[in-house]
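So the structure is just underneath, and the comments pick up after that.
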Amino acid sequence: MTARDDFPGSVKQTLAKRVGFHCSNPACRQGTTGPREEPSGTVNIGVAAHIAAAAEGGPRYDPSMTPEQRRSIANGIWLCQNCAKLIDSDETYHDAEILHQWKSLAEKTATKELQTGRSHDWDAEIFQRLEHLMPELLAEMREDLLDRPLAREFVLLSSKWIYNSRGPYLAYHYENYPDLEDIMVILGNYDLIQEITFNNVKRYVLSEKLVRYLLNE
Ligand SMILES: [Zn+2]
């Protein structure tokens, strides 16, 4: 078995406290601790995740680091269990740089929340950012949903393809949005769409959260 440079308990505790026991993924921010039914018990769904893997062969493993660096607080990020799995299953997108950004953002947010006594409105900030990145697509989706408020499935099409686009789904065209697939990745990262492609045509489902935002419900 390869040696693992696990974090000591004190590092895990400090990582959790520095972000107010919330997941550090800005798209998640799930609380990670709460009460168990018995009066003295607590539930913890938080994980002190390694930015560079604890053992050779793991995600983002950096052979130039010493074991001390690998188990130091600088190499840790506090996440919920789901996001801890997510960063390890898609390490191309979740590289060390992104994770350091999440960590510093989560720490800044915890500071701001302590100072103002209010919790930060992440959803508002995320949608503001998306309106900036993809205003035309959101506008088209909004129009479509006003027409068909129950539609959730959509496909990505090129007008060059012969495709029976009269389906129960909405359609968006590559010609109108040169970065359409990149945009889908961003919406997917925020869990606002789910990919359900089953043939050559990219196919997705809108989340209720995105629909409610677009329809201003
Ligand atoms: Zn999370």
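As numbered in the numbering used here, residues -11 to 205 make up the sequence shown, in order. Beta carbons: idealized from backbone N, C-alpha and C, even for Gly. Here the structure is a predicted model, which means the values were calculated and not measured.
Three-way DSSP call (helix, strand, coil) for residue i in this model
i, result
"H82", "coil"
"P23", "strand"
"N32", "strand"
"H108", "coil"
"R183", "The residue you asked about is not Arg; residue 183 is Glu in the sequence shown. Three-state result, E183: strand."
"L158", "strand"
"R191", "strand"
"A98", "helix"
Endpoints, the alpha helix (DSSP H) within which residue i is located
i, result
"E141", "E141 -> not in any alpha helix (DSSP H); beta strand (DSSP E) instead, spanning 141 to 145."
"Y201", "196 to 202"
"G(-3)", "-3 to 6"
"Q57", "55 to 58"
"P123", "123 to 135"
"G176", "168 to 177"
Supposed close pair residue i, residue j - CB separation, criterion 8 Å
i, j, result
"L67", "S12", "6 Å"
"I65", "K91", "5 Å"
Heavy atom of ligand 1 within 7 Å of residue i beta-carbon
i, result
"L67", "yes"
"N187", "no"
"N164", "no"
"N13", "yes"
"N32", "no"
"N70", "yes"
"Q18", "yes"
Boundaries (first-last residue) of the beta strand (DSSP E) holding residue i
i, result
"L67", "64 to 68"
Evaluate contact between the region 140 to 148 and the region 158 to 171, counting only Cβ atoms and requiring at least three cross-stretch pairs below 8 Å.
When C-beta atoms of the region 140 to 148 are compared with those of the region 158 to 171, three or more pairs fall below 8 Å, so the two segments count as touching.
On the three-pair Cβ rule with 8 Å, is the region 79 to 89 touching the region 110 to 118?
Fewer than three beta-carbon pairs drawn from the region 79 to 89 and the region 110 to 118 are found closer than 8 Å, and the two stretches are therefore not classed as touching.
Are the region 121 to 131 and the region 23 to 35 in contact at 8 Å, needing three or more beta carbon pairs?
Counting Cβ pairs under 8 Å, fewer than three are found: no touch.
Within 8 Å, do at least three Cβ pairs link the region -7 to 2 to the region 33 to 43?
Touching, yes.
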